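Quick notes on the structure that follows.
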Amino acid sequence: MKAGKSDVKKLGDRPSAGDVGVPPADSDEEYDKYDIFGYVNNTQPSKKKKKKSSVVQQHPFHHQIQQFQAGGDLLKFVEPQPPKTLDETTYIYVDTIDKLNNMMDHLKEQQELAVDCERHSYRSYQVFTCLLQISTRSNDYLVDTLVLREELHVLNTVFANPKTLKVFHAGTSDIEWLYNDF
């Protein structure tokens, strides 16, 4: 059957009942013909405005931040050191508690660390850290956070130590991820 002129919708025509994004007839919401998905998106639980709490939450590391005083070693100029070659650097895959404990013994002795996190978020609402990369001047650690998730709280001793310099690669979100996941 051929569509007649009256069956063809024009750009800007109001969708009919049953079309996606049309508010129910008894809805008080104003229809916006240019945002037909606005109604659907605004009624999703994640899009609703959250009630503000009257209780002010204190930052979990408030005390440590208030007590922090940068030592002279952290602020003095240091001549840059070229990195070692891959042949000179030890690569260690950390996927057992014994390897994690050995890594922690090594990290506690370091004055500086390089850190990077990788997260899984592709087609998922449950985002989580999958891989943690920690490097020292002599070792590169790849930590399997899926296997060791329940044990990684031990990293707090190194990550919360103000005497250890931590350099994050694109760390805008990494610190938050580490705090939330471990």
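In full-length UniProt numbering, the protein residues as written are 1 to 182.
C-beta atoms are modelled at their ideal positions from N, C-alpha and C, and glycine is treated no differently.
Just so it is clear, the structure is predicted and the values come from calculations on it, not from any experiment.
- In this structure S135 touches L113 by the C-beta definition: roughly 7 Å separates them, less than 8 Å.
- For L75, the number of other beta carbons within 10 angstroms of its own is below 16, and it is reported as exposed.
- The three-state secondary structure of Y122, taken from DSSP, is coil.
- A Cβ-Cβ separation of about 21 Å leaves Y179 out of contact with L142 under the 8 Å criterion.
- If only complete runs of 4 or more residues are kept, the region 72-120 shows the alpha helix (DSSP H) at 72-75, 97-108, in order along the chain.
- Contact between D140 and Y91 holds, with the beta-carbon distance rounding to 5 Å and staying under 8 Å.
- Residue nearest to I175 within the set D105, L132, D95 is L132 (criterion: CA-CA distance).
- Of L155, T172, V115, H169, the smallest CA-CA separation from M104 is found for L155.
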